[in-house]
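Residue numbers (my numbering): 226 to 497. Okay, so here's the structure we're looking at.
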Ligand code: GLU
């Protein structure tokens, strides 16, 4: 890399499970705004790890809409598809398995529900039922990574000091599903490590994922985790979460309706 910049390396990381929408644009404004202010770099990373939900037309649409809005990345990371990253992810999984940190699992949701009380509205915590079962590492079985007890602390740039316990939040979490899809938590952690991402700027809906990503990164040998900056999310006027599927928030629709890039950016910048 020719750059002598000492600024942070950050990334814009959309999942191509839908069109670019206003929530993405708010994220892009933070990512590019902070990176530019600090002399950093922005990597565009298309997070298409989930083969069942991602579509090429969304990838093309996202790239085109970003360009139309004027968000130009400094580099483009490999996609998270099997084709581009499958080998690396499989190697990381093998490393974790060799160290006894990942294991095959075949529990059903019902098996899990029978073990842990249903905490309405909360994430389901996996009670490590398969940890000691030593199932054969068959390629048709899903895999989980161990999350032993312990608190992870970090200082979010916007939200201040945080303490999260992955063992209590989610327990040993899924890194590859039964169909062979790598999970978001796994792919994002491996990629942030491999791509030298040292500043993660994303919506505060992902705050609770942070400790498990810090922990997994450490298991993979990362000594200094990235700095995290979780920004506020844009909501509907009634305060409800903006839905990705709602057509009226997609940049595609706005373009089709004759809006300019400045209309979109100004509306967001002025909070209307
Ligand atoms: N790909 C994730 C999403 O679209 C964001 C990943 C991240 O910023 O950690 O929600």
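Think of the CB as a built atom: it goes at the ideal place given N, C-alpha and C, for glycine as much as any other residue.
Not one heavy atom of the ligand GLU sits closer than 7 Å to the Cβ of residue 351.
Residue range 452-456 is occupied by the beta strand (DSSP E) that includes residue 456.
Remark: C-beta atoms of residue 431 and residue 248 do not approach each other more closely than 8 Å. Beyond the five residues adjoining it in sequence on each side, residue 304 comes within less than 6 Å, by CB distance, of 271 and 273 in the same chain, given in chain order. With the rule of 3 Cβ pairs closer than 8 Å, the segment 394-401 counts as touching the segment 367-376. In this structure the segment 418-432 does not lie against the segment 390-397, because fewer than three pairs of beta carbons, one per stretch, are closer than 8 Å. When DSSP states are grouped into helix, strand and coil, residue 414 belongs to the helix group.
About 5 Å separates the Cβ atoms of residue 317 and residue 415, confirming a contact at the 8 Å cut-off. For residue 431, the shortest separation between its Cβ and any heavy atom of the ligand GLU lies below 7 Å. Rounded to whole angstroms, the separation of the alpha carbons of residue 322 and residue 293 is 44 Å. Here DSSP, grouped into helix, strand and coil, assigns residue 297 to coil.
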